[in-house]
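Each remark here refers to the structure printed beneath this line.
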Amino acid sequence: MNYLYWMIICFGYIGLMLFFSLKFKWKKNVTINVMACLALSSELVKFFNRIREITNESGRIIGGFIDAKALPLHLCSILIFLFFYLALTPKKENKAIISFATSVSLIGGLLGVLVATSGTSFNDVSTYQSMLYHASIVWFALYFIITKQVDLGLKAYIRNCLVLCALLFIMVWINGALHEDYNTNFFFTVYPPVDNIPFLTTKYGWYVYFVHLIFTGLVALGLLSLPYIIIDIKKAKKVAK
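Once you know that position 200 of the sequence shown is 1523 in the working numbering, the rest is easy, because the numbers rise by one and skip nothing.
Below is the structure:
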């Protein structure tokens, strides 16, 4: 039942954010600044919620560190750096960054809400942080798509695919360095986000799983970009005539 409540909360939140941003015609820089603030708030909540205290033999606290699994290295978390870059460079075009951020925000955000990898407990701060952050990036992506301020055509699709594949391979190395000690699973390159997913499974070995993971990402980006790619093809045919 908690899952249903969270779906209502998240999609209601997305709807309200879209209503206000579209009704009051927020400019691109306003939308980006709001998203940067939401991302910072989310990351601060995660940071302080994941601090692990170090105690000595007498039980006295002598230090603290953040859980490695809380590092902003998941696909949706990496977007935080892009949001701040966009906020700090308002006069630049940044079309490529906006294209990648929009694509990943919509796909990753929806999956983050629907899969609920942080659980659905109303007694866990991590659930609030994860659900509302993923809902926020879905709003961000939908706003840019609805207001037609993003290019998701063929060139953008190819570029986004290359960036995503590069990040996936980088995360294989990062997880290789951290997983044994800290059980990290950034970009879910170690094992699937949840059990019993038919296609994303390690049943046939890790190599098959990793290929399936890449294929899933490319297909998801392709489906999102398909309407824009069709428009690009039609324009190219008109020019050729």
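Ideal Cβ placement from N, Cα and C applies to all residues, glycine included.
Values in this document were obtained by computation on a predicted structure and should not be read as measured data.
Problem - Residue closest to I1401, alpha-carbon to alpha-carbon, out of L1345, G1442, S1428, V1357 - result: S1428
Problem - Run of the beta strand (DSSP E) containing G1386, from where it starts to where it stops - result: For G1386, the enclosing beta strand (DSSP E) begins and ends at 1384–1389.
Handout entry: Opening and closing residue of the beta strand (DSSP E) in which E1376 lies
Key = 1374–1378
Handout entry: Bounding residues of the alpha helix (DSSP H) (the contiguous stretch that carries G1476)
Key = Per DSSP, G1476 belongs to no alpha helix (DSSP H) and is neither H nor E.
Exercise for the section: Return yes when the Cβ of L1487 is within less than 8 Å of the Cβ of G1431, no when it is not. Expected result: no
Handout entry: Residue range of the unbroken alpha helix (DSSP H) whose run includes I1460
Key = Residues 1448–1469.
Exercise for the section: Below 7 Å CB to CB, which residues in the same chain sit around K1478 once its five sequence neighbours on both sides are set aside? Expected result: none
Handout entry: Unbroken alpha helix (DSSP H) run spanning M1324, endpoints
Key = First-last for M1324: undefined, no H or E at that position.
Problem - 8 Å Cβ shell around G1442 - same chain, five flanking residues per side excluded - result: S1449, T1450
Exercise for the section: Would you mind stating whether E1494 and C1333 have Cβ atoms separated by less than 8 Å? Expected result: Per the sequence shown, residue 1494 should be read as Met rather than Glu. No, the pair does not count as a contact, with Cβ atoms beyond the cut-off.
Handout entry: Delimiting residues of the alpha helix (DSSP H) encompassing L1433
Key = 1418–1438
Handout entry: Same chain, Cβ closer than 7 Å to N1498, five either side skipped, listed in chain order
Key = T1507, N1508, F1509, T1512, V1513
Handout entry: Rounded separation between N1379 and C1399 - CA only
Key = 36 Å
Practice task
Tell me whether Y1480 sits in a helix, a strand or coil according to DSSP, three-state version.
Solution key: helix
Handout entry: Cβ-Cβ distance between I1544 and S1459 below 8 Å
Key = Looking at the sequence shown, residue 1544 is not Ile but Leu. Contact flag unset, no.
Practice task
Would you mind reading off the limits of the alpha helix (DSSP H) that contains F1407?
Solution key: 1398–1411
Exercise for the section: Assign Y1530 to one of two classes, buried (16 or more other C-beta atoms within 10 Å of its C-beta) or exposed (fewer than that). Expected result: Counting Cβ neighbours within 10 Å, Y1530 comes out exposed, since fewer than 16 surround it.
Exercise for the section: Take N1352 and list the residues in its own chain whose beta-carbon comes closer than 7 Å to its own, dropping the five residues that flank it on each side. Expected result: Sequence-distant Cβ neighbours of N1352 in its own chain, meaning closer than 7 Å and more than five residues away, are P1413.
Problem - Alpha-carbon spacing of V1438 relative to W1349, whole angstroms - result: One C-alpha to the other measures close to 30 Å.
Problem - F1370 versus I1355: straight-line alpha-carbon distance, rounded - result: Using only the alpha carbons, I get a separation of about 22 Å.
Practice task
For V1517, name the three-state secondary structure that DSSP assigns.
Solution key: Three-state DSSP puts V1517 in coil, outside helix and strand.
Handout entry: Which of helix, strand or coil DSSP assigns to K1350
Key = coil
Handout entry: Separation of A1424 from A1559, as counted between CA atoms
Key = Distance from the CA of A1559 to the CA of A1424, rounded to the nearest whole angstrom, comes to 26 Å.
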